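Visitor:
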Amino acid sequence: MAWFYSEFCLCLLLFSFPISLSDPALPENQTEAVKGLISRLLGEDYVEKFDLQIISATSQGRDVFEIDSSGNADQVTIRGNTGVAMASGFNWYLKYYCNCHVSWGVNGTGDQLNVPTPLPRVTQKVRIESPVKYRYYMNVCTVSYSMVWWDWQRWQREIDWMALQGINLPLSFTGQELIWAETFIQLGLSEAELEEYFSGPAFLAWNRMGNMRGWGGPLSKSWRSKQANLQKQILQQQRQFGMTSVLPGFSGHVPKELQKIFPHANLSRSPDWGRFNDTYCCVYLLSPADPEFSVIAKKFIEVLMENFGTDHVYNVDTFNEMNPASKDPTYLAATSSAVLKGLQSADPDAVWLMQGWLFLSGFWGADEMKAYLNVIPNNKMIILDLDTENRPIWKKSDSYYGKPFVWCMLHNFGGTRGLYGNLTRIATGPLADRAAPGSTMDGVGITMEAIEHNPIVYELMLEMGWRSSPFDLDEWVRQYAVRRYGTKNDALLAAWHILQTTLYTIPSTSKSQVEVRPSITIGKNYSPNTTALVQAWRLFVQGALEIKPVGPFRYDLVDVTRQALLNLFTDFHSMFMVAYQRYQLYHVNSSVEFNSIVSVMLEIIDDLDQLLGSDVNFLLGIWTTTARSWGDTEEEKNLMELNARNQVTLWGPRGNIEDYASKNGWSGLVGDYYLSRWHLFVSRLQGSIHDGTAMDFNAYESDLLQLEQKWSYTVKPFSIIPVGETVSIAKSLVTKWGKSSTQGYDVVPETDASGHDLLWGTSQMWTRDVEQLKLLCNSDALCAGFNTNGYLKNMTASAVRVHSPNTDLYVKIM
């Protein structure tokens, strides 16, 4: 593209982003990109209602947007120094003047776009300057856990969302297998050798990082070609908004067959990352200090630029979750120097973007980190402090010894579903760390392994890219609820206050008992937020009866109900374990008691699946159907489905990373896979109790693996259309599982029963909600009552009752 830019435009682009671009979008093209976004989001009629203007970046080279209504009375003026800045200003106006909301959701179901007519006026100009240069998006795993099956329509929607949130530095990893294939073929490898190297589509993230090879493949030429064409569309759209797309660089991971071409090269077999056998284990690593490293790196970047162009920023992670071969400072310095040299051999303007995740390993002390980083000029590297929220590395590395770093929120691993996130930390951490003495923080980012859940967490984190000073988080959450649902409702505001002060004060969560392999030994820790969630759940159902439910509200209603059912299942699972342990200890026939608890547990899973099936955002069928759409033949479609099924279950041929990417929020997976596993497990336990024999756990494990493997390879359609009405289902479930049955109890205030009469020893229930404790106690004939601290009781006539402040005793009326 010819460089026909005015001096003003060139300076504008240089100040708006610190890294020079080889092919930056013209300002008028960036304006057109934002017009296209407005048209796609609100309709073509709205485009002329917004006057979009390009302005200069701040004097520090930061992005900026302005909003006012000083011009045409029928228009709102939005100014920005890039398309991203203008889109961010447009989103700010939607949020804070129109009470609208844009979020993840299948076919726009995450949006609430009831725009007022006429458009609200902005009488006093709003000017927002970003306090950081970089607003980063994505994890190297996100492209496999969430985006692997996306088509252009879904990608265009995501790029629009990125622009609205202010992202200007997205990881752009789609389609790179075509580049690797062309590079390796030019070096002398055959197509057959590549088939053994490339993994299937759902596992490419780990193939790229050198963790494994081949599993889920072969990867067809057609897939590589279609993905490369998709990448060209992605890059074009991102560049039109003024984003800098981060492309892959060469990290040294190569097929073992490269030994034939470079017989004297310093190649080493990578360690076994996921207990894979020799068929799929262990990509080879070409030492960056080897002369051939620069040869391959140069070739790769040349092929990459020929196909995709470049914005000069490349992600390279040579030692992701794998340690270098030596701690020798000379070796480490030579290794990192070779990576940058490899990039610059083809692109002299190359900047290396690296995840700081490797430095969490005990291998890296201060001396090793310094040796690795100090040889790289500060202006040639950007470091993602991948989990600053919980494990900030910059604080123990003297702010990466001068390298600019991005404050990142990792939040989830493998797409684990749960209501959680530390809103207070997110709202304060980036502000405090940027202002800390010696800090080189110059960006904020989200680096989750999977997306499309907990939208409040991600919206707040990305808004921190535009926040320079403290703000009222309580008020922010209230406004979030109003704009997400398009109305102010007291019950829902109260529910969100509960969520904000309980579940959204924790940075991580564990998997539910439903989605992990059934076992009698699964332990649990008390969750203090369970009772609060039940209270919020009831308020959500109340709110559902008082407002006109929109897509985002239905999503949240399903999500809150889902979590409440999973928590209740955890309590029943504890009772289930104790019932079996009683049988083992006392050799009594507890089949009636045991079967009663089992029946309730399976019923909860079934109800959960029905609930999830009522909303399109919670359907396994979306995942598997879109996976099949990428296959050209029936055989390839079946392979795509295997990839989709295996990733969220066994994650490998024999459960290598089993349930890591489990989804307790997908109908079909819950009702077809998790429920089948639980049926197998409890049937074996019931059989052992009935026969008076010990359960053969080895046989069970073997049969369970066969069940899991069969499910992975099964070809079976799952619904892509919701069934049932969400509000009605949630209302029936809160009546069923959030209230007690007709069983009566006498209440004895300020009293407890003696400790030796505890039915469950020292194990408390998660819930402290009295109505749910009644449900639990009613399910077991041996339970005679409970206290409000969550202990279920087996009180005999001789049980000693003691005075206990702040504790009430509930005694079942026999």
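With the numbering used here applied, the sequence shown corresponds to residues 11 to 824, in that order.
Cβ atoms here follow ideal geometry from the backbone N, Cα and C, with glycine treated the same way.
Bear in mind the structure is a predicted one, so any value in this text is a computation, not a measurement.
Could you name the residues that DSSP lists as bridge partners for residue 562?
Guide: DSSP output for residue 562 lists no bridge partner at all.
Visitor: Can you list, in chain order, the residues of its chain with a C-beta nearer than 8 Å to that of residue 197? Leave out the 5 residues immediately preceding and following it.
Guide: 268, 271, 306, 309
Visitor: For the candidate residues 505, 758, 753, whose alpha-carbon lies nearest to that of residue 3?
Guide: Past the boundaries of the shown model lies residue 3; the chain is included only from 11 to 824, so the question cannot be answered.
Visitor: Tell me which residues share the same chain as residue 546 and place their Cβ nearer than 7 Å to its Cβ, disregarding the 5 neighbours each side in the sequence.
Guide: 505, 508, 509, 570
Visitor: Do three or more CB pairs link the region 467-476 to the region 171-190 at distances below 8 Å?
Guide: Taking a contact to require three or more Cβ pairs closer than 8 Å, the region 467-476 and the region 171-190 qualify as touching.
Visitor: Report, in whole angstroms, the separation of the C-beta atoms of residue 421 and residue 467, which I expect to be a contact under 8 Å.
Guide: 6 Å
Visitor: Out of 520, 619, 146, point me to the one whose CA is closest to residue 901's CA.
Guide: The question about residue 901 has no answer, for the chain in this structure spans 11 to 824.
Visitor: Pick from 52, 38, 51, 58: whose alpha carbon is nearest that of residue 909?
Guide: Limits of the chain in this structure are 11 at one end and 824 at the other, which puts residue 909 out of reach.
Visitor: Alpha carbon to alpha carbon, what distance is there between residue 494 and residue 124?
Guide: 10 Å
Visitor: So residue 676 packs on residue 159, CB below 8 Å; how close in whole Å?
Guide: Going by Cβ atoms, the distance from residue 676 to residue 159 rounds to 14 Å, so no, they are not a contact pair.
Visitor: Would residue 798 and residue 577 be called neighbours here (beta carbons separated by less than 9 Å)?
Guide: no
Visitor: Among the candidates 299, 821, 616, whose CA atom is the shortest distance from the CA of residue 276?
Guide: 299
Visitor: By alpha-carbon positions, which one of 679, 660, 708 ends up nearest to residue 285?
Guide: With distances taken between Cα atoms, residue 285 lies closest to 660.
Visitor: Pull up the distance between the alpha-carbon of residue 499 and that of residue 553, whole angstroms please.
Guide: 7 Å
Visitor: DSSP on residue 32, reduced to helix/strand/coil?
Guide: Because the pLDDT of residue 32 is 36, which lies under 50, any placement of that residue in the model is unreliable, and the number read from its coordinates should be weighed accordingly. Residue 32 carries a coil assignment under DSSP once its states are collapsed to helix, strand and coil.
Visitor: Use the C-beta contact count for residue 11: other C-beta atoms within 10 angstroms, 16 or more gives buried, fewer gives exposed.
Guide: Caution is warranted here: a pLDDT of 34 is assigned to residue 11, below 50, making its placement in the model unreliable, and the coordinate value is therefore given only provisionally. Exposed.
Visitor: For the candidate residues 389, 233, 497, 595, whose alpha-carbon lies nearest to that of residue 702?
Guide: 595
Visitor: Is the region 425-440 in contact with the region 512-526, if contact means three or more CB pairs nearer than 8 Å?
Guide: Verdict: yes, contact present.
Visitor: Count the C-beta pairs between the region 436-446 and the region 683-693 that are closer than 8 Å, then say yes if the count reaches three, no if not.
Guide: no
Visitor: CA-CA distance, residue 31 and residue 253?
Guide: Below a pLDDT of 50, predicted positions are generally treated as unreliable, and residue 31, at 36, falls in that range; no measurement from the model is reported.
Visitor: In chain order, what are the residue ranges of uninterrupted alpha helix (DSSP H) at least 4 long that sit wholly in the region 180-260?
Guide: 186-197, 201-207, 214-218, 231-250
Visitor: Here's a check: name, in chain order, each residue in its chain whose Cβ is nearer than 6 Å to the Cβ of residue 634, leaving out the five neighbours to either side.
Guide: 651, 654, 728
Visitor: Determine the DSSP secondary structure at residue 317, reduced to helix, strand or coil.
Guide: In this structure, residue 317 counts as helix in the three-state DSSP scheme.
Visitor: Check the C-beta distance from residue 311 over to residue 344 and give it rounded, since I have them as a contact under 8 Å.
Guide: With a contact defined as Cβ atoms closer than 8 Å, residue 311 and residue 344 miss out at about 20 Å.
Visitor: Quick one: give me the first and last residue of the alpha helix (DSSP H) that residue 78 is part of.
Guide: No alpha helix (DSSP H) holds residue 78; the beta strand (DSSP E) holding it covers 74-78.
Visitor: Helix, strand or coil for residue 685? Go by DSSP, reduced to three states.
Guide: If DSSP states are grouped into helix, strand and coil, residue 685 belongs with the helices.
Visitor: Ordered along the chain, which non-local residues of its own chain (more than five positions away) have a Cβ less than 6 Å from that of residue 243?
Guide: For residue 243, same chain residues with a beta-carbon under 6 Å away, outside a window of 5 residues either side, are 162 in chain order.
Visitor: Is the closest heavy atom of the ligand PLP to the C-beta of residue 63 under 8 Å?
Guide: Here there are no bound small molecules, and the ligand PLP is not part of this structure.
Visitor: For the alpha helix (DSSP H) that residue 278 lies in, which residues bound it at each end?
Guide: Residue 278 -> not in any alpha helix (DSSP H); beta strand (DSSP E) instead, spanning 277-279.
Visitor: How long is the line joining the alpha carbons of residue 56 and residue 99, rounded to whole angstroms?
Guide: 15 Å
Visitor: Smallest Cα separation from residue 190: which of 489, 582, 164, 205?
Guide: 205
Visitor: Alpha carbon to alpha carbon, how far is residue 322 from residue 681? Give it in angstroms, no decimals.
Guide: 47 Å
Visitor: Use the C-beta contact count for residue 375: other C-beta atoms within 10 angstroms, 16 or more gives buried, fewer gives exposed.
Guide: exposed
Visitor: Should residue 583 go down as buried or exposed, given a rule of 16 or more other Cβ atoms within 10 Å for buried?
Guide: So residue 583 counts as buried.
Visitor: What are the partner residues of residue 139, as DSSP defines its beta bridges?
Guide: 74
Visitor: Whole angstroms is fine: what's the gap from residue 112's alpha carbon to residue 562's?
Guide: 9 Å
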